[in-house]
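> Take this structure first; my questions come after.
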Amino acid sequence: MRKPIVFTSEREMPPMAVSLADMSHNRTGGWRYMRPIYSEKIAPCKNACPVGNDIPRILSLVSEGRYEEAWRLFRQTSPLPGVCGRVCYHPCETRCNRKDFDEALSIASLERFVADACFDLEDKISDRPKRSEKIAIVGSGPAGLTCAYFLAKDGYAVTVFEAASQPGGMLRLGIPSYRLPREVLDREIELIARWGVEFRTNTKIGQDIDIEKLWEQYDALFVATGAHHSRALSIPGEEFALTGLEFLKAVNAGQTVNIGKRTLIIGGGNTAMDCARTALRLGAQPLVVYRRTRAEMPAIAEEIEEAEHEGVQFEFLAAPTAICRRDGKLEVHCVRMQLGEPDRSGRRRPVPIPGSDFRILTDSVLKAVGEEPDLSFLSEHLETSEGIVMERAQGLLERAGIFIGGDAQTGPSTVAQAMRSGRETAYAIMRFLRGERKPKAPQLDEALRVNFSYFVHKPRVPTPQLPVSERTSSFAETKRALSVDQARTEASRCFSCGVCNTCDNCWVFCPDAAIVRTNGSYSVNYDFCKGCGVCAEECPRSVISLVEEEL
Amino acid sequence: MTPTLTGTKKVVTGNHAVSYGAMLARVQVISAYPITPQTQVVELLSEFCANGTLRAKFIKVESEHSAMAALIGAASTGARTFTATSAHGLALMHEMLHWAAGARLPIVMADINRAMGPPWSVWTDQNDSLSQRDTGWMQVYCESNQEVLDTVIQAYRVAEKVSMPAMLVLDAFVLSHTAEPIEIPDQSLVDEYLPPYRPLYKLDPNDPRSFGALAPPDVYMELRYKMHQAMEDALIEWARADEEFSELFGRRYGLIEPYRADDAEILLVTSGTVTSTAREVIDELRAEGRRVGLLKIRVFRPFPAQLVRAALQDTEKVAVLDRNISFGMGGIFAQEIKSALYNSTKRPPIFGFVAGLGGRDITPSVIREIIDYTESHDEPEDLIWVGVKR
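Listed in order, the protein sequences are those of chains H and R.
The opening residue of the first sequence carries number 1 in our numbering; numbering runs sequentially from there.
The opening residue of the second sequence carries number 552 in our numbering; numbering runs sequentially from there.
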């Protein structure tokens, strides 16, 4: 205790009740039962990103015009920002905290912007440990490419085997160029190759090369062959239908495919949408026949919207029962469906309505009712279950040094999921080769609480689009890049959830002056902090947590 | 709205005169909650903030209590602060009014005089502001839109000088919604008149202090004494502020304003807009040869008791016109004037009239009736209701 100031007359007193002496003897921290701690959180966008891109930091760099740094930050988690910025289903945007304030950030457009702006940049090939182990990757789709990138960056010799004539897997074979221009894909594969990854194309597993041989020659093997086997319709006349994937592969390879004036596409997934929009660009009138309603379509919502926008026709609640030839055309027999009880997927099961048969006359039929992996090349003593290897961590195959990932493991999924699988497998292979166990990754809390009072409403910058009139006559990319101004404006809308940007609010608001500010960072002086929580409340972006004091 | 016309004549309502005054005073933080008839004051200010005419933070709040609380916080950091309210809004602020004064924060507020409910009324009378008489806020009653604008600027000058909050008061609709041509002073002149606010102590993380802490009985009374001293000082500061204002802008209002009072046998005491009506009636009565005059009370807190005493003690009779009522006693201005004169050796009889409650018009004939009554009665009466249908 200091000596108290004693006033002998009102003249000595200040006009109001204000402390005039140093009060630091009064260590009010002892009153505290809640403790504020600075603990950065994971932004929901980043948490939702299968690839784990550090979105808030990247957007902060974009808003400052620091595109190269943004691009290099992308490449710490992803070798394919140009691809993802175009084709990803952006679960980041779905989780963006800003959607509860006005509109989610246009994260995908910004990723694409960064990739485009840095198209000519190259990775700095760093000094890597020299490693003797060789790794074979079968399949050069997003899973294989991502796995190769992370292994090669860590010094491993990686060889990628690809059945097609060029690497890229489904990115090249399945995704139409109006969604993913090939120069973008080529460039990002080229940058992976710069790390010393060897690509052996025109080499099909089980045909040109044997898995047992690879297993002998390499120290580890990653099977990322994707899901290319089209499911059957199991109806009479199925042989008249072309598989959607074959159709896309042919068109994407530049071959001429004659589908006539009218084409009927069976299915409601992404392949169906790609088929329909591709058919439109070949001058056909596509009609999508789907057995449930629009709400149950498994395709990405954006793809459905774009298809509708471009003029694709839909016939919902209809299922084909037979395909016949008639007068040089095809006649598809359909039955009207209604939705019954929910099935295992949670969607309502379509049930045929008796006597509701109808027929559609068409020039061609494309079936796109799903794909599945074809793992027939695996020899019999390599265990799989239901065509898919079970949990890698527990499966026999991991111990054997053979890893399966991407669509080959999960069945058809997204590019981003395949990339996650590729990266995780890269690390699993490293651990396998070094005899390490999987470390327990610290689980960061999500930054879910944003103090909206500190933000002003600002509309989302729409992604520029090619007009529909210019779309259907060519395979030109439909989405356009944001301008520099648009990108910076849009990036500046980011709340930076969970990431401190030294706004000073905690320091300004602390009623006990217990926040210490030094060189752009803060700490709490617990001798004086009473644990009132004002700092945590006023932190706009959820960086400060309030935890109970341990007794 | 073209808001940057300064140094020009402009036709504006009383409410907008308030807004222009606050803008010219370069207020830094505004917090307000809308209430009829005040809303236009802060509407225009919010536009000024939005379009950049005024670089101020406009804090939206959920009540008048919060509005005042926000300004107390802002003023504590050294910001120049402003709000406006009316009637029930002012009543809801009551607790915070004490706090602002006790913390010695020079917050300035406009109160648009509106009658209290129930029954609901949006029209004018003075009970809302007079109910806050003892909170430690200065109160200035305005008669014209020009006076409104000028008083906002003067109020900051005085409030910041003596570290006490100030409330300017204007009649609902009669002034708030009535447009008059006024001069919008030049910003550079206002800047010359009103320097930036520099508080003695302020909230600052770099120089942390504790404010408003517990004061034991051995110091509390001194702090209250100092508040009263500040109010006494404010009487001098209002006179000084008015004097310097007239030098720069050519207009002055005084703390009180006598009108044709010199040889008056009856002096009518008024406040607010009814003063303008009374001037007309006095002119008419003078033309008829009757020796009547007028005393307008402008600054009500601090109460200029000496000035009032000097102005009234030599007349034969005093008639006080109150647009308010303290139930169980009478008009509040009449009470104040009686108490100001009581310790004087010369004490003219005082007639207390209550009129115009809830916005009922006080017409020239009402004022004539008050003068006639005073003239024809020898014994003073504490409370005479004017115009009550009985």
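C-beta atoms are modelled at their ideal positions from N, C-alpha and C, and glycine is treated no differently.
Expressed to the nearest angstrom, what Euclidean distance is found between the alpha-carbon atoms of residue 593 (chain R) and residue 635 (chain R)?
Using only the alpha carbons, I get a separation of about 7 Å.
> Say whether chain R places a C-beta atom closer than 9 Å to the C-beta of residue 452 (chain H).
No, no contact with chain R.
> Whether or not the stretch 131-151 of chain H and the stretch 218-236 of chain H are in contact is what I'm after, with contact meaning three or more pairs of Cβ atoms, one per stretch, closer than 8 Å; do they touch?
The stretch 218-236 of chain H, when compared against the stretch 131-151 of chain H, does touch it at the 8 Å Cβ threshold.
> CB residue 703 (chain R) to CB residue 661 (chain R), shorter than 9 Å?
It is a contact, given that the beta carbons lie within the stated cut-off.
> Going along the chain, which residues of its own chain have a beta-carbon closer than 7 Å to the beta-carbon of residue 535 (chain H), five neighbours each way excluded?
Cβ within range, chain order: 36, 506, 509, 510, 515, 544.
> Determine, for residue 466 (chain H), whether the minimum Cβ-Cβ distance to residues of chain R falls below 9 Å.
No, residue 466 (chain H) lies away from the interface with chain R (no Cβ there is under 9 Å from its Cβ).
> Using 8 Å as the threshold, is the stretch 729-740 of chain R in touch with the stretch 828-847 of chain R, meaning 3 or more CB pairs across them?
As far as the Cβ criterion goes, the stretch 729-740 of chain R does not touch the stretch 828-847 of chain R, which means the pair count is below three.
> Touching or not, the stretch 408-418 of chain H and the stretch 225-244 of chain H, by the rule of three or more beta carbon pairs under 8 Å?
The answer is yes - the stretch 225-244 of chain H touches the stretch 408-418 of chain H, with three or more Cβ pairs under 8 Å.
> Hey, quick one: how far does the alpha helix (DSSP H) through residue 94 (chain H) stretch, first residue to last?
That run of the alpha helix (DSSP H) goes 91-95.
> Does the distance from the C-beta atom of residue 607 (chain R) to that of residue 580 (chain R) stay below 9 Å?
In contact: residue 607 (chain R) and residue 580 (chain R) (Cβ atoms closer than 9 Å).
> Kindly indicate which three-state DSSP category residue 178 (chain H) falls into: helix, strand or coil?
Of the three classes helix, strand and coil, the one that applies to residue 178 (chain H) here is coil, per DSSP.
> Could you spell out the range, first to last residue, of the beta strand (DSSP E) harbouring residue 633 (chain R)?
Counting along the chain, the beta strand (DSSP E) containing residue 633 (chain R) begins and ends at 632-637.
> On the DSSP letters alone, give me the boundaries of the alpha helix (DSSP H) that residue 213 (chain H) sits inside.
That run of the alpha helix (DSSP H) goes 211-217.
> Tell me, to the nearest whole angstrom, how far the beta carbon of residue 362 (chain H) is from that of residue 264 (chain H); I am working on the premise that it is less than 8 Å.
With 8 Å as the limit, residue 362 (chain H) and residue 264 (chain H) qualify as a contact, their Cβ atoms being about 4 Å apart.
> Spatial neighbours of residue 116 (chain H) within its chain, please: CB distance less than 6 Å, with the 5 preceding and 5 following residues excluded, ordered by chain position.
Cβ within range, chain order: 481.
> Quickly, what does DSSP pair residue 337 (chain H) with across the bridge? List them, please.
Answer by DSSP bridge pairing, in chain order: H:352.
> Mind listing the chain H neighbours of residue 777 (chain R)? Cutoff is C-beta to C-beta under 8 Å, in chain order.
Chain H residues near residue 777 (chain R): 10, 13, 15.
> Along the beta strand (DSSP E) that carries residue 852 (chain R), what are the first and last residues, could you check?
Its beta strand (DSSP E) spans residues 850-852.
> Using a threshold of 9 Å, state whether the C-beta atoms of residue 271 (chain H) and residue 245 (chain H) are closer than that.
In this structure, residue 245 (chain H) lies closer than 9 Å to residue 271 (chain H) by Cβ.
> Contact criterion: CB-CB distance below 9 Å. Does residue 482 (chain H) meet it with respect to chain R?
So no, residue 482 (chain H) is outside the interface.
> Below 9 Å on C-beta distance, what does residue 609 (chain R) contact in chain H?
In chain order: nothing, as chain H lies at least about 12 Å away.
> Mapping DSSP to helix, strand and coil, what is residue 908 (chain R)?
Helix at residue 908 (chain R).
> May I ask which residues mark the beginning and end of the beta strand (DSSP E) holding residue 35 (chain H)?
Note, residue 35 (chain H): beta strand (DSSP E), 34-38.
> May I ask which residues mark the beginning and end of the beta strand (DSSP E) holding residue 452 (chain H)?
That residue, residue 452 (chain H), is in no beta strand (DSSP E); it is neither H nor E in DSSP.
> For a contact meaning CB atoms closer than 8 Å, what does residue 7 (chain H) contact in chain R?
What residue 7 (chain H) touches in chain R: 770, 773.
> Is the stretch 761-778 of chain R close to the stretch 718-730 of chain R, with three or more CB pairs under 8 Å?
The stretch 761-778 of chain R is not in contact with the stretch 718-730 of chain R.
> Contact check, residue 539 (chain R) vs residue 718 (chain R) under 8 Å by CB: the rounded distance?
Because chain R is modelled from 552 through 941, residue 539 (chain R) falls outside the range shown and cannot be assessed.
> Taking only beta-carbon positions, decide if residue 569 (chain R) is within less than 9 Å of chain H.
For residue 569 (chain R), the answer is no, since every Cβ of chain H falls outside 9 Å of its Cβ.
> Can you give me the C-alpha to C-alpha distance between residue 801 (chain R) and residue 700 (chain R), rounded to a whole angstrom?
Approximately 14 Å, taken between the alpha carbons.
> Where do the N-terminal and C-terminal ends of the alpha helix (DSSP H) with residue 862 (chain R) fall, by residue?
Start and end: 856-863.
> What's the C-alpha gap between residue 790 (chain R) and residue 99 (chain H)?
Their backbone Cα atoms lie some 57 Å apart in a straight line.
> Does the stretch 96-113 of chain H come into contact with the stretch 196-203 of chain H, if we say contact requires no fewer than three beta-carbon pairs (one atom in each stretch) closer than 8 Å?
Taking 8 Å as the limit for Cβ pairs, the verdict is that the stretch 196-203 of chain H does not touch the stretch 96-113 of chain H.
> Please tell me whether residue 762 (chain R) has its Cβ less than 9 Å away from any Cβ of chain H.
So, interface residue.
> So residue 621 (chain R) contacts chain H; which residues on that side make the cut at Cβ distance below 9 Å?
Within chain H, no residue comes near residue 621 (chain R); the closest Cβ sits about 12 Å away, beyond 9 Å.
> On the three-state DSSP scale, how would you describe residue 425 (chain H)?
The answer is helix: DSSP assigns residue 425 (chain H) an H, G or I state.
> Along chain H, in chain order, which residues have C-beta atoms closer than 7 Å to that of residue 716 (chain R)?
The premise fails here: residue 716 (chain R) is roughly 12 Å from chain H at the closest Cβ pair, so nothing lies under 7 Å.
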